[in-house]
Amino acid sequence: MRLKKVKAHGFGKWRDTEWDLSADSRFTVFLGENETGKSSVMQLIHAVLFGFVKEEVERLKPRNGGNFGGSVELEMDGRTLTVERTHRQRIRGEVTVKYEDGRTGGEKEWEAILQGLDSATFKGIFHIDLNGLEHLQRLSPGEVNRYLYDAGMSGGQALTKLEKKLKQRADDYYTPQGKVKPVNRLAKEWEKTESERALLAEKLDRISEKRRLISDYENRLAEQADQEDEINQRLRFFEKASALETIIRDWSALNKKRDELARKRPDRFPVNGLERFERWQQLAEEKKAEAADKQKKLAEKKQLLAREENLLLTDQLRLEMSNALEKKAEIMRLYDNRATLSKDIEQLNREKKKLLKAHPDTSADHFNAAVIDAQKLQQFDRLKNERVQLKSKEEQLKMKAEDIENRVADNQEMQEEAKRQEKNYIAEENRLAKQQEKKANRKITWILTGTVLAAGISLVAADLFIALMALAAGTALLFSAYKEKREWLDRRQRTEETLSKADQQSAQESSPPLMAEKAINEKSLQQEKEQIELERERLAKQWSEWEDAFHNWLTITQLPFKDDLGWYDHFIPNARKWYELEDRIEELTEDKQQTESQIEQGERSAKQIVQKAGNTTDQEDFWYTLYKQYDRDEERRREIAKQQDLLTDMIEQHDELEEKYNHYRAKLDELLTYTGVTEENRFRSLGELEKHYEDIDYRCQEQEIRLSSAIPDKDEREKITAAVLAEHTDIDKEKQHLHEQSAAVFTEKERLIKEKTETAKEVETLEQDGTYEEICQEKKRLEEEVNKLLREWAVMQAALKMIGQAKRVYEQNRQPAVMERAEQLFIHLTEGRYHRFFAPLGEETFYVERNDGERFEPADLSRGTREILYLSLRLALADDDAFERKYPIIMDEILVNIDAVRRKKLIEAFSMISSGRQLLFFTCHRNLYKEIKNFTDDHTLHLLDSAVQR
Amino acid sequence: MITFIHMADLHLGRVFQTNVTNDNHARKKALDAVYRSLDNAVETAIDQQVDFIVIAGDIYDEAERSVKGKYKFQQACSRLQEYGIHVYAVHGNHDPLTSSVSSSADLPANVTVFSAEGETVVHTGKSGEKAALSGFSYPQTVFTESPIARFPARSNNDYHIGILHGQEGTLDGHEPYAPFRARELAALEYDYWALGHIHDRQVLQDDPPIRYSGCIQGANRKEQGPKGVDVVRLDSSGAHCTFVQTAPIVWAEVTVGAEDVTTEAELISKAETLTAERFGAETAVFTITVTGETALHEQLSDIDKKYEWIELLREELSGDGRWVDQVRVQTKPVIDREVWRNEDHLYGDIIRIREEITEADKIEIIDAWRKNAKLRRVMRETETWSEKEWEAVWDEAEQLILANLIDEERGL
């Protein structure tokens with residue numbers, strides 16, 4: 003494939019630029035400094051052929067918009083076509099292929115033409131740049147090997163990527179040493195399940211043994227049951243014997259005793275004789291004792307009654323007491339009266355005190371001393387009226403005098419005010435005249451100046467007529483102004499005269515009419531003053547007379563002197579009230595004294611009676627004592643009557659008791675006679691004997707009934723009775739022995755049942771719960787799960803194998819040619835210093851061998867040599883036959899680290915592989931271009947931007 | 072007229088070979104399935120008022136350990152006894168007479184277990200007709216002798232029935248126990264041969280019938296289709312057989328052609344429709360196989376998406392009493408593999424390499440898992456992968472590489 007034209011529509015800094023590469027040169031050199039767009043050209047070629055790269059789109063898009071993309075005209079497989087790519091919607095851009103005959107095609111067509119060559123392969127093999135070399139150097143030799151395969155095979159990188167991914171995936175599923183990987187985990191789980199299953203299987207295998215065991219247990223249990231029955235029977239016999247032992251022994255003893263007593267019994271004895279005897283005897287004794295007791299109480303009672311009767315009051319005294327008590331109510335009312343009176347007197351005294359308080363400047367003496375009757379009260383009223391009249395007269399006189407004084411002062415002021423007003427008016431008129439005169443003077447001056455100026459100017463500028471006209475007008479105006487001034491001058495002089503006249507007038511006292519009026523007024527006023535003075539003297543005399551009368555009244559009434567007559571108005575009614583209170587108090591005090599003497603008399607007679615009855619009258623409440631004495635006597639009288647009734651009853655009861663005693667004695671005698679004994683003691687001992695016999699007999703029968711009801715069977719009863727009474731039997735011991743036997747049997751039975759149950763349950767569980775099947779199912783599931791995962795894993799492993807195989811195919815069938823070619827180049831470039839270059843199969847590295855036989859790995863070489871080594875590899879790969887199409891090789895600044903000698907060699911090497919192939923050099927080093935130029939003329943130079951101008 | 076049920080290979084206690092039992096519901100159903108099948112068979116016998124039931128061996132799956140099976144079998148026989156239905160059974164290689172489970176001691180009186188030497192019993196049916204039954208039980212697990220000598224010549228009874236657990240000589244796939252030829256049986260001129268041992272229903276001869284009734288419940292993906300019992304009526308006109316499905320769960324395989332679908336969602340929807348049509352309300356455990364040349368091939372083979380997608384399909388199709396056991400992707404790319412094979416590029420290399428895969432490659436992979444002791448033990452207990460399985464692995468690997476390479480290249 004050869005590129006004939008590269009054209010940028012808009013790409014990075016390039017716009018509508020075309021580079022013609024159609025000259026069939028060996029070397030095509032793009033020379034340009036940094037930032038001149040070298041990289042953009044390379045990127046453009048790459049983008050047109052393989053599409054835009056997402057990361058570069060933004061950077062390379064034309065800044066001002068417009069068509070983004072370019073085209074490459076190329077010759078391929080003997081035909082010329084143009085590939086154009088523009089960036090519209092898709093990131094990769096839209097491609098158009100145009101053939102010479104005008105046909106066109108799209109993306110699919112172009113992919114078909116490229117025959118699987120992809121961007122990665124193209125970059126890996128045909129685009130050699132410094133970065134690519136450096137990258138190669140940084141890789142480990144193993145990686146380099148892989149890189150060679152990747153770069154050398156179409157889809158190789160994808161294969162490596164897939165290999166890595168598969169390896170990782172497969173390892174995620176399972177590794178032989180893994181623990182947590184799914185397959186490993188499942189296997190572990192399976193093993194656990196399997197061991198559980200095995201354990202259970204073992205149990206199941208023993209199930210028939212277990213069944214046999216169960217039937218064995220059942221037989222033994224039946225034997226135990228028989229044994230248990232026998233023991234229980236015996237135990238029941240002894241249990242009965244034990245339970246009835248007391249009864250049997252008791253019965254036996256009672257039976258013996260009964261026989262003994264039967265021999266001693268009397269022939270005849272009344273039924274319940276002893277009880278009856280005892281009862282009657284007891285009753286007889288009781289009645290006897292009761293009668294004696296009653297007798298004693300009768301005597302005591304009689305004595306007591308006699309004592310009480312002696313204590314009663316005499317009938318005379320009782321009558322007196324009754325009278326005194328009746329009077330008591332009257333005296334009580336007198337007590338109340340006395341208290342009421344005292345309270346009233348106190349109240350009156352309090353009112354007196356209130357009156358005294360109302361007149362703090364007076365004492366009780368004043369009240370007591372004052373003599374105020376109706377007549378004196380009339381006198382006081384008259385004095386009061388007179389005083390009011392005098393006061394009023396005095397006031398009138400005072401007002402008249404003041405009026406006269408005022409009228410004198412008014413007369414003087416009226417004259418002075420009239421003069422002052424007239425003078426002010428004339429002065430104002432004078433000031434106005436002066437002002438107008440000044441104004442008229444200024445007006446005349448202006449008119450004069452204006453007229454002269456107007457006339458002058460008119461004379462110079464216009465003609466004489468106009469000057470004359472102006473002069474005439476000015477004169478007319480002047481005349482009118484002058485007239486005005488005259489008028490104002492006259493007026494001023496007039497007012498000034500008047501003013502000076504007025505001043506002269508004011509120098510004199512007053513005007514004659516005013517003076518006359520004043521004089522008349524003054525005379526009248528003087529007369530009035532004298533009249534008033536007369537009236538004043540008269541009034542003073544009246545006042546003196548009134549005061550004498552007032553002092554006289556005070557002396558008569560013995561009242562103190564007070565300036566204010568109102569005081570008397572207040573005092574006089576209170577003094578009259580005072581007299582009334584005094585009278586009332588006196589009256590009440592008299593009543594009280596009368597009441598007290600009545601009380602004293604009543605009390606005295608009551609106290610005498612109390613003393614007569616034998617009590618003291620010291621205590622205040624002698625009334626209570628009187629009452630109590632009377633009541634007590636009354637009570638005593640009632641009690642004596644009651645006791646006498648009781649005494650009669652007691653005598654009757656005593657007689658009745660005597661009678662009953664005799665009745666019981668007769669009955670006792672009857673009993674003795676029936677038995678044929680005379681002595682009571684004898685009767686009693688016979689009775690005791692009879693009673694004992696009956697008791698024993700009853701108890702004996704009772705025990706017999708108990709026994710028969712406990713053991714109805716007569717034979718059994720006799721056997722048990724015999725066993726109990728037999729001397730050598732120890733029932734408790736027997737029982738204990740049997741109990742022990744029973745317990746042993748029970749324990750054994752329990753044990754057998756438990757074991758049987760457990761075994762049966764185990765068997766039942768095994769038979770019914772299905773655990774074993776559950777575990778088997780789980781085990782099977784795990785196996786299936788493992789199989790499923792392992793199958794997936796196996797697919798991945800198989801794929802990995804195939805990928806490995808594909809690589810080997812490459813190593814065997816393709817790599818040798820590449821390596822051989824690389825070796826030749828390397829030897830040539832190092833001028834034979836190194837003579838071998840190889841990658842052993844199965845090892846992940848390669849070696850170079852120096853001419854002295856020493857071997858080196860790439861890392862051991864110097865940088866320059868290493869770059870040559872990698873360049874050799876890349877060139878060999880690029881030149882490989884696998885790529886029949888001879889794609890152009892793009893070299894981007896690759897010779898900068900290599901010395902001049904070797905550079906020359908390299909250029910030679912490039913020349914060698916350049917037959918039929920385009921070599922595109924991109925550099926900023928002019929030297930390199932010179933070296934190429936020196937080497938061959940067969941080259942084309944494309945200068946980029948300013949590089950050339952240097 | 073005599074009617075009876077012919078059943079065989081109950082394998083009580085056998086578990087399902089699948090990982091769908093991961094789901095609790097599925098596990099319960101799976102564990103219960105064979106017992107339900109047995110119950111259904113018993114109910115069928117009662118419903119149809121048969122004279123007796125013939126069981127041609129392998130009642131229990133594990134000689135000693137099918138104790139639950141034994142318990143359930145006892146119950147089933149007791150129920151049959153209530154209805155006066157007799158059970159004639161032989162034991163097979165899974166439950167030979169040496170095992171304690173096979174002991175008939177605990178079984179009710181209506182069960183007759185044939186001896187190891189072989190015997191003939193006569194059953195008088197409700198109609199009064201008599202049927203002779205000849206059979207024998209396996210004395211031990213491995214019994215490879217010819218069974219023919221243990222069967223007498225046809226008796227003079229109305230009918231003669233042979234009960235045999237064994238392998239017809241021309242069939243593959245099972246252990247060659249009690250090997251025989253169909254014609255040898257035919258030669259005995261019995262009226263019916265009730266065979267057991269082969270889990271598929273098979274008819275070796277139509278008239279008089281020589282038949283395998285198959286197992287009563289499938290337990291792995293080889294035992295597909297409905298399973299149950301044969302109800303047989305013998306009368307003067309010959310034998311009349313009717314199959315009755317008793318198995319509650321069916322094993323199956325559903326193939327989904329992906330030729331006409333373009334998206335994964337479409338594919339899932341198509342698969343859903345197909346399974347719904349196929350099973351209706353039936354309970355099933357099934358394998359889905361996706362086939363065909365399809366544009367989806369690369370996506371279905373993409374290493375990043377493949378297994379995720381398979382899980383999705385599994386989830387979507389499971390439910391309503393159906394469980395997806397396995398998903399197999401056997402799609403093909405829309406390319407001409409033959410053309411690529413002859414081309415000198417990487418794809419060609421891969422295709423050629425796949426075709427040159429050898430036994431050694433297989434052993435290498437197996438060795439890798441044999442390195443882990445635990446896994447070695449697991450794999451020893453599971454069935455060895457068949458050659459066909461391995462071929463599928465290689466194919467899948469090849470498709471995996473090609474699909475991913477194509478995908479990668481497209482992505483660039």
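The listed protein sequences correspond, in order, to chains A and B. Using our numbering, read the first sequence as starting at 3 and increasing by one per residue. Using our numbering, read the second sequence as starting at 72 and increasing by one per residue. We treat Cβ as the ideally placed atom computed from N, Cα and C, and that holds for glycine.
Inset, instruction - Compare the C-beta of A:I250 against all C-beta atoms of chain B and say whether one is closer than 8 Å. - result: no
Inset, instruction - Rank B:L168, B:T360, B:P179 by C-alpha distance to the C-alpha of B:R385 and give the top, closest one. - result: B:T360
Legend entry - Contiguous alpha helix (DSSP H) assignments of at least 4 residues, all confined to the region 243 to 321 of chain B: 253 to 258
Inset, instruction - Answer yes if the region 81 to 90 of chain B comes into contact with the region 372 to 385 of chain B, meaning at least three C-beta pairs across the two stretches below 8 Å, and no otherwise. - result: no
Inset, instruction - Report the rounded CA-to-CA distance for B:A431 versus B:D438, giving the unit in angstroms. - result: 10 Å
Inset, instruction - Return the CA-CA distance between A:E196 and A:E785, expressed in angstroms with no decimal places. - result: 11 Å
Inset, instruction - Kindly say whether A:L843, judged by its beta-carbon, lies nearer than 8 Å to any beta-carbon of chain B. - result: Residue placement at A:L843 is flagged as unreliable, the pLDDT there being 46, under the threshold of 50; a coordinate-derived value is accordingly withheld.
Inset, instruction - Take the Cβ of A:R538 as the centre, count every other Cβ of all protein chains shown within 10 Å, and call the residue buried at 16 or more, exposed below. - result: exposed
Inset, instruction - Give the residues from the region 122 to 135 of chain B that approach chain A closer than 7 Å (Cβ to any Cβ), ordered along the chain. - result: E135
Legend entry - Under 7 Å from the C-beta of B:R425: neighbouring residues of chain A: M804
Inset, instruction - Pull up the DSSP beta-bridge partners for B:Y55, would you. - result: With chain B represented from 72 up to 483, any question about residue 55 of chain B goes unanswered, as that position is not in the structure.
Legend entry - Chain-ordered neighbours of B:I464 on chain A, where CB pairs are closer than 8 Å: The question names Ile, but residue 464 of chain B is Val in the sequence shown. What B:V464 touches in chain A: R793, A796, V797, A800.
Inset, instruction - Taking all protein chains shown into account, decide if A:E654 is buried (16 or more other Cβ within 10 angstroms of its Cβ) or exposed. - result: exposed
Inset, instruction - Please report the Cβ distance between A:K907 and A:L831, rounded to the nearest whole angstrom; I am assuming they are in contact, meaning their Cβ atoms lie under 8 Å. - result: 5 Å
Legend entry - As assigned by DSSP and simplified to three states, the class of A:Y889: coil
Legend entry - Beta carbon proximity, A:Q770 to chain B, threshold 8 Å: yes
Inset, instruction - Using a Cβ cut-off of 7 Å, pull out every chain B residue sitting near A:L161, in sequence order please. - result: L417, L476
Legend entry - the region 367 to 375 of chain B / the region 392 to 403 of chain B touching (three or more Cβ pairs under 8 Å): With a cut-off of 8 Å, the region 392 to 403 of chain B and the region 367 to 375 of chain B count as touching, because enough Cβ pairs lie within range.
Inset, instruction - Report the residues of the region 106 to 121 of chain A with a CB closer than 8 Å to any CB of chain B, ordered along the chain. - result: G118, D120, S121
Inset, instruction - Put A:E692 into one of helix, strand or coil per three-state DSSP. - result: helix
Legend entry - DSSP bridge partner residues for A:G12 (one or two, in chain order): A:R17, A:G71
Inset, instruction - Identify the contact partners of B:I406 in chain A, using a Cβ-Cβ distance below 9 Å as the criterion. - result: Simply none; closest approach about 13 Å.
Legend entry - Helix, strand or coil at B:M72 according to DSSP, with G and I counted as helix: coil
Inset, instruction - Would you list the one or two residues that DSSP bridges to B:W394? - result: B:V356
Inset, instruction - With a threshold of 16 other CB atoms inside 10 Å of the CB of B:I406, please say whether the residue is buried or exposed. - result: exposed
Legend entry - Neighbour-count burial assignment, B:K445, 16 or more Cβ in a 10 Å radius: buried
Legend entry - Contacts around B:K341, its chain only, beta-carbon distance under 7 Å, and the 5 residues preceding and following it disregarded: V327, V332
Legend entry - First and last residue of the uninterrupted alpha helix (DSSP H) at A:D346: 317 to 360
Legend entry - Local conformation of A:G53 per DSSP, three classes: coil
Inset, instruction - Flag this pair as yes or no: are the beta carbons of B:T346 and B:R393 separated by less than 8 Å? - result: yes
Legend entry - Minimum Cβ-Cβ distance from B:K141 to chain A less than 8 Å: yes
Legend entry - Alpha-carbon spacing of A:F858 relative to A:H837, whole angstroms: 12 Å
Inset, instruction - Examine chain B for any beta-carbon lying closer than 8 Å to the beta-carbon of A:I209, and answer yes or no. - result: yes
Inset, instruction - Report yes or no: do the region 904 to 923 of chain A and the region 23 to 31 of chain A share at least 3 C-beta pairs separated by less than 8 Å? - result: Contact between the region 904 to 923 of chain A and the region 23 to 31 of chain A is established, with three or more Cβ pairs separated by less than 8 Å.
Inset, instruction - Starting from B:M78, follow its DSSP beta bridges and name the residues at the other end. - result: B:I126
Inset, instruction - Specify the secondary structure class of A:H656 as computed by DSSP and reduced to three states. - result: Here A:H656 sits in helix by DSSP.
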